[in-house]
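Below is one structure, written out as structure tokens; comments come after it.
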Amino acid sequence: MTAVQIPLNATASQTLNVILNQQLVRLDVYQRSTGLYMDVWLNDTQIVAGAICQNLNPVVHADYLGLGGDFVFVDTQGSADPTYDGLGDRYVLTFMTTS
């Protein structure tokens, strides 16, 4: 299992593209009043919509979608769920491969 840190900025809404397992992955990360959420696109197809981001809780939860891993937010200073103002510092997004 390999872990890759995904760089995020401390902004309330952001989109970034990364190459993971030789596939194009787009992440839309956005803050709402009820928490931080994420959409995941794999090769221009949305595979996850509106997933709540919680500390140490996988985002995708489905190997059959073909991503080859899962995203996990980690609170580096405790066990709180992530908020946009701590992204890239206190809250780190990690991609864990299954291979």
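Using my numbering, you'd call the opening residue of the sequence shown number 390 and step up by one each time. Glycine included, C-beta positions come from ideal geometry on N, C-alpha and C. Bear in mind that the values here come from a model prediction, so they are computed numbers and not experimental data.
Query	Result
One or two residues paired with ALA438 in a DSSP bridge	DSSP lists no partner for ALA438.
For ASN444 and VAL463, believed in contact at Cβ under 8 angstroms, the rounded distance	7 angstroms
Same chain, Cβ closer than 6 angstroms to ASN410, neighbours up to 5 away in sequence not counted	GLY457
Identified DSSP bridge partners for ASP417	THR404 and ASP428
Three-state secondary structure assigned by DSSP to LEU454	helix
Backbone CA spacing between LEU431 and GLN466 [nearest angstrom]	31 angstroms
Beta-bridge pairing of MET390 - partner residues as DSSP gives them	The partner list for MET390 (beta bridge, DSSP) is empty, contrary to what the question assumes.
Beta-carbon proximity check, VAL418 vs VAL437, cutoff 8 angstroms	no
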